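Before any comments, here is the structure.
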Amino acid sequence: DAGVIQSPRHEVTEMGQEVTLRCKPISGHNSLFWYRQTMMRGLELLIYFNNNVPIDDSGMPEDRFSAKMPNASFSTLKIQPSEPRDSAVYFCASSPRAGTSNTGELFFGEGSRLTVL
Amino acid sequence: AQSVSQHNHHVILSEAASLELGCNYSYGGTVNLFWYVQYPGQHLQLLLKYFSGDPLVKGIKGFEAEFIKSKFSFNLRKPSVQWSDTAEYFCAVNAHSGYSTLTFGKGTMLLVSP
């Protein structure tokens, strides 16, 4: 079975440029999560969706960050304009069930390593 | 809201040594508990999980964890570590309430010297 698929795996860009990270969750999973991992802050939850609807975006650092999930098989995380402090590994994860039956188990993608110069 | 505390940021062991990584959580209700492992340059992978039943949970690669409800703890153990266990280990908790999400600890970096 295919796992969570993220692209690109690596991105190097210059400050001020727009960055779009993509994620395809595991088929049949209802919940999708975007995390950011840095040495300083560890693993931070940015936003998560249940059934394509954003439930909690309180972790999104600034208005420069936006995320969408137009359908059950695709999500994007966009940074515009990007800044050097956005450099991190961005992980997408999906989970089988939403709501009260959610066990919480997450299945992670390989991550997108972003470097903003 | 739930929170997770991992006791050590870094642990250094020699091969064949025994391992115990501490994890405590704070939440008054029922929880699901997880340990994830992240090998260098890779994504997080599930090591083991506890939902209910036997509080001693066995996972992959010889790891186990024990849920002690009275101590709000879920410590990870392995009797004899290998060099290939070098990785970062994350404890995580999910509360049994509505749209709760997985809350991760800060992680413990384990370095096993050959």
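If you read the protein sequences in the order shown, they are chains A and B. Here our numbering is used: the first residue of the first sequence is 1, the next is one more, and so on. Here our numbering is used: the first residue of the second sequence is 1001, the next is one more, and so on. All C-beta atoms in this analysis are idealised placements derived from N, C-alpha and C, irrespective of residue type, glycine included. Note that this is a predicted model, so its numbers are computed, not measured.
- Within the same chain, and ignoring the five residues on either side of proline 1079 of chain B in sequence, the residues whose Cβ sits closer than 6 Å to its Cβ are Ser1018.
- Contact annotation, glycine 1022 of chain B with asparagine 1032 of chain B: C-beta distance approximately 19 Å; criterion of less than 8 Å not satisfied.
- With a cutoff of 9 Å on beta-carbon distance, threonine 13 of chain A and valine 116 of chain A are scored as near each other.
- Distance from the CA atom of serine 1003 of chain B to the CA atom of tyrosine 1025 of chain B, rounded to whole angstroms, is 6 Å.
- At least 9 Å separates the beta-carbon of aspartate 57 of chain A from that of threonine 1101 of chain B.
- Close to phenylalanine 1090 of chain B, with beta-carbon spacing below 8 Å, are these residues of chain A in chain order: Leu43.
- Annotated three-state conformation of isoleucine 1060 of chain B is helix, per DSSP.
- Just so you know, the alpha carbons of isoleucine 47 of chain A and leucine 106 of chain A end up roughly 14 Å apart.
- Of all C-beta pairs linking the region 70-89 of chain A to the region 20-36 of chain A, three or more are shorter than 8 Å, placing the two stretches in contact.
- Close CB contacts of valine 1093 of chain B within its chain, under the 6 Å cut and outside five residues either way in sequence, are with Gln1002, Val1004, Tyr1025, Val1031, Leu1033, Thr1103 (chain order).
- Contacts with chain B at 9 Å (Cβ-Cβ) include phenylalanine 91 of chain A.
- Annotation for glycine 42 of chain A: the continuous beta strand (DSSP E) segment containing it runs 42-50.
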